[in-house]
Amino acid sequence: MNLSVLELEIPCLVVGGGPAGFGAASAALRGGCETIVADRHGFLGGMGTAAGLSCYLNHLGVDVDLSSPVYRSFRQQLIDMKSHYYDAHTQADYYEPEVCKLGMEQAILKAGGKLLYHSILSNVYREKDLWVAEFLSKGSRVRIRCRYLIDATGDADPSAMAGAGLFHGNQSSGATQPMTMVVQMGGFDPQAWAASGRRLIEGRYVAEGDQYAAQVSLARSAGEWSIPRENVALFWSMPHDPSRITVNGTRISGLSSCNAMETTRAEVEGRRQAQELVAFFRKYIPGFENVYLYQTGPQVGVRESRRIVGRYTLTEDDVRSARIPESSVMLCAYPIDVHSTEGTGTQYEDNGSIYGIPWECQLPVDLENVAAAGRCISATHEAAGSFRVMPTCMGLGEAAGTAAALAWKNKDTLQSIAGADIRHEMDRAHAAAGNLIPSTQFSFGSHIPAQI
Ligand SMILES: Cc1cc2nc3c(=O)[nH]c(=O)nc-3n(C[C@H](O)[C@H](O)[C@H](O)COP(=O)(O)OP(=O)(O)OC[C@H]3O[C@@H](n4cnc5c(N)ncnc54)[C@H](O)[C@@H]3O)c2cc1C
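Here's what the structure looks like:
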């Protein structure tokens, strides 16, 4: 039996409903461009829900909040839904994934957007001046014709199918940052933790990073630790229930999220490491004596895979030199944070620089009306290690959606929209919400640097 085909036509299609896809759809809808968001999962949020990473990290540059209007409004939504706390020490907004799913989809539907869940992209091709995207969905195939195609899949799937040039991980070796199975534990005792002299936020919550190297070393000598990490990365309490803790602490190297067999191995290895991590916390860390494995995410966390080859490629030199070209659509202050592609170790460079991400990084060379958003924009391995945090990805999505709305209004193409015009639209949205406008605090250079 052949699957039936459901046909749709819409100005803007966003493939991928993670932070970038949510930002893109919200901005396109805000600008009056009808939009549908498609995702392979049955909910929005991307790594922030599917992998259980309930931590929006570091969007502050010096004292300026660099986050985009959509991010700020969504953060307020999480606060209103009583599912949020902020920690200045780790510079992060923490939230409940379930509330994030609900909040994001309510926001999209309220703005008049459409959702398509349980649909994995299977093909992209050109038909006259439209893009056609085909999905393998539960019970049918879905074919969507659109003018603007926004690739927010993290893995650059639509761009790859549309014929874009691609990087995979490190340009020279193809190696990527490791994947991580995020682990949620129940049964933590915050008071026992505090009694051991450790910090509690608001008298309730725990949020700590890069800790317990000595205990990891002991556990490794005892044959209890095989994870290729020398310490535990970030762990934090959940807002609704401080006895639940999320840990970013496993590490799975050498596998690609663009290969189903390799991702399967990563899921299996991630769950094996999750057991080890829970046993480690129970034995070595005060307050965790009675913890148990509460859940792993529906999917393993992916830091890096494919990125488009764009009209400009952001480099580590741009990040280190704090360049802010005129066509920048987002500002970022997050350090270069690259987990070793093999074995232990992390490159972490925090020189306090604030840099701009030019619009040209989101436009694949030679493709019309396609924009990438989030972690699959054009960048080197090291530069991607910086802008990959979710608030910045949401802002890059917002830039792409803003461009789609401008192009739709002016019957134009995405590549003919100037980065500065996108930024000015986003500034207008900031002003309408009564926000201090981050771009007014910095000077913008005249051009993106020449590239060979
Ligand atoms: C272990 C780990 C820890 C991290 N820690 C933090 C942190 O503490 N704070 C922080 O801010 N950031 C953190 N990050 C980075 C951050 O989570 C990601 O870089 C960010 O989520 C990227 O956003 P995105 O929207 O580009 O992609 P994603 O979040 O990956 O979303 C992509 C979406 O596209 C969908 N999709 C993919 N392919 C298809 C397809 N073919 N068809 C249909 N749908 C598809 C996916 O289901 C997903 O919903 C971490 C990442 C990892 C892996």
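Position 247 of the sequence shown, counting from 1, maps to 247 under UniProt numbering, and the rest follow consecutively.
Beta carbons: idealized from backbone N, C-alpha and C, even for Gly.
Next on the checklist: With a threshold of 8 Å (Cβ to nearest heavy atom), would Leu102 be considered close to ligand 1?
Outcome noted: Incorrect: Leu102 has no Cβ contact closer than 8 Å to ligand 1.
Checklist entry - Taking all protein chains shown into account, do 16 or more other C-beta atoms lie within 10 angstroms of the C-beta of Asn290, making it buried, or fewer, making it exposed? => result exposed
Next on the checklist: Taking DSSP's pairing of strands, which residues face Asn123 in a bridge?
Outcome noted: Glu134
Checklist entry - Rounded C-beta distance between Asp93 and Arg72? I'm assuming under 8 Å. => result In fact, because the Cβ distance is near 10 Å, the residues do not count as touching under 8 Å.
Item to check | First and last residue of the uninterrupted alpha helix (DSSP H) at Gly270 | outcome: In this chain, the alpha helix (DSSP H) harbouring Gly270 covers Ala260 to Tyr284.
Item to check | Ile357 and Gly165 closer than 9 Å at C-beta | outcome: The Cβ atoms of Ile357 and Gly165 do not sit closer than 9 Å to each other.
Checklist entry - Going by the C-beta, is Ile120 closer than 8 Å to any heavy atom of ligand 1? => result yes
Next on the checklist: For Ile150 and Gly401, which I take to be in contact (beta-carbon distance under 8 Å), what is that distance rounded to the nearest angstrom?
Outcome noted: 7 Å
Checklist entry - If you measure from the CB of Arg303, is any heavy atom of ligand 1 nearer than 8 Å? => result yes
Checklist entry - Where does Gln211 sit, in a helix, a strand or coil, going by DSSP? => result strand
Item to check | 8 Å Cβ shell around Asp427 - same chain, five flanking residues per side excluded | outcome: Ile437, Ser439 and Thr440
Checklist entry - Would Thr264 be called buried (16 or more neighbouring beta carbons within 10 Å of its own) or exposed? => result exposed
Item to check | Assigned exposure category for Gln451 - 16 Cβ within 10 Å defines buried | outcome: exposed
Next on the checklist: Considering only heavy atoms of ligand 1, does any lie closer than 8 Å to the CB of Gly223?
Outcome noted: no
Checklist entry - Exposed or buried, Gly5, counting other C-beta atoms within 10 Å across all chains shown (16 or more means buried)? => result Note that residue 5 corresponds to Val in the displayed sequence, not to Gly. By the 10 Å Cβ count, Val5 comes out exposed.
Item to check | Distance, Ala379 Cα to Val278 Cα | outcome: 35 Å
Checklist entry - Name the DSSP beta bridge partners of Glu349, please? => result DSSP, once it has assigned bridges, lists Ile336 as partnering Glu349.
Item to check | Val232 Cβ short of 8 Å to ligand 1 heavy atom set | outcome: no
Next on the checklist: Helix, strand or coil, according to DSSP, for Leu406 in the structure here?
Outcome noted: helix
Checklist entry - What separation, rounded to the nearest whole angstrom, lies between the Cα atoms of Ile377 and Val319? => result 15 Å
Checklist entry - Less than 8 Å between the CB of Asp210 and some heavy atom of ligand 1, yes or no? => result no
Item to check | Helix, strand or coil at Ile324 according to DSSP, with G and I counted as helix | outcome: coil
Next on the checklist: If you reduce the DSSP assignment to three classes, tell me which class residue 476 lands in.
Outcome noted: For residue 476 there is no data in the structure shown, the boundaries of the chain being 1 and 452.
Checklist entry - Hey, how far is the Cα of residue 484 from the Cα of Asp337? => result Lying before the first or after the last residue shown, residue 484 is absent from the chain, which here runs from 1 to 452.
Checklist entry - Closer than 8 Å: is that where the CB of Cys376 sits relative to any heavy atom of ligand 1? => result Cys376: yes, Cβ under 8 Å from ligand 1.
Next on the checklist: Taking 8 Å as the limit between beta carbons, can you name the residues of its chain near Thr296, skipping five residues before and five after?
Outcome noted: Gly52, Met181, Val182, Val183, Gln184, Gly270, Arg271 and Ala274
Checklist entry - Starting from Ala371 and walking both ways along the beta strand (DSSP E), at which residues does that stretch end? => result Val370 to Ala372
Next on the checklist: Once DSSP output is grouped into helix, strand and coil, what is the label at Phe188?
Outcome noted: coil
Next on the checklist: Could you tell me the alpha carbon to alpha carbon distance between Phe288 and Gly45, rounded to whole angstroms?
Outcome noted: 29 Å
Next on the checklist: Can you look up residue 459 in the DSSP assignment and give me helix, strand or coil?
Outcome noted: Look at the range of the chain in this structure, 1 to 452, and you will see that residue 459 is not part of it.
Checklist entry - Any heavy atom of ligand 1 within a distance shorter than 8 Å of the CB on Val278? => result Placement of the Cβ of Val278 at a distance of 8 Å or more from every heavy atom of ligand 1 is found.
Checklist entry - Is Ser54 helix, strand or coil when you go by DSSP? => result coil
Next on the checklist: Taking only three categories from DSSP, how would you classify Met330?
Outcome noted: strand
Next on the checklist: For a test of your reading of the model: does the CB of Cys55 fall under 8 Å from any non-hydrogen atom of ligand 1? Yes or no.
Outcome noted: Result yes, Cβ under 8 Å from ligand 1.
Checklist entry - DSSP three-state call for Met181: helix, strand or coil? => result coil
Item to check | Where Cys100 falls: helix, strand or coil (DSSP) | outcome: Here Cys100 sits in helix by DSSP.
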